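Residue numbers (UniProt numbering): 1 to 100.
Positions of the beta carbon are idealized from the N, C-alpha and C atoms, including for glycine.
These numbers were taken from a predicted model, which means no experiment stands behind them.
Quick notes on the structure that follows.
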């Protein structure tokens, strides 16, 4: 499971989920067994689901693994969101089956 903060800073570097999520996926692939499942999550309101899924797909394709996005989830139905305010749909979770 990868569920990083949206943004973090220390003395040496700055982490941004939009810029650095690919590095986290690659790190997970290095330690994942030959067949496994990744649960990739973010609560970054500025990171739309379409862009998040594109990052996942691009990173996995560049790594050369076989993969299948098996499920995409967001906020539960009883959690009110506003259809015209996209940041209200901040929670995203994507399950990916990996075959090396």
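{"query": "Residue ranges of each beta strand (DSSP E) run of no fewer than 3 residues wholly in the segment 17-74, ordered along the chain?", "result": "35-42 and 66-73"}
{"query": "Can you tell me where the beta strand (DSSP E) with residue 7 in it begins and where it stops?", "result": "7-9"}
{"query": "Rounded to the nearest angstrom, how far is the Cβ of residue 25 from that of residue 59, given a contact under 8 Å?", "result": "5 Å"}
{"query": "To the nearest angstrom, how far is it from the Cα of residue 53 to the Cα of residue 80?", "result": "23 Å"}
{"query": "Using three-state DSSP, classify residue 89 as helix, strand or coil.", "result": "coil"}
{"query": "For residue 79, which three-state DSSP category applies?", "result": "coil"}
{"query": "If contacts are defined as beta-carbon pairs under 8 Å, then residue 90 and residue 55 qualify, I think. What distance do you get, rounded to the angstrom?", "result": "With a Cβ gap of about 16 Å, residue 90 and residue 55 do not count as contacting."}
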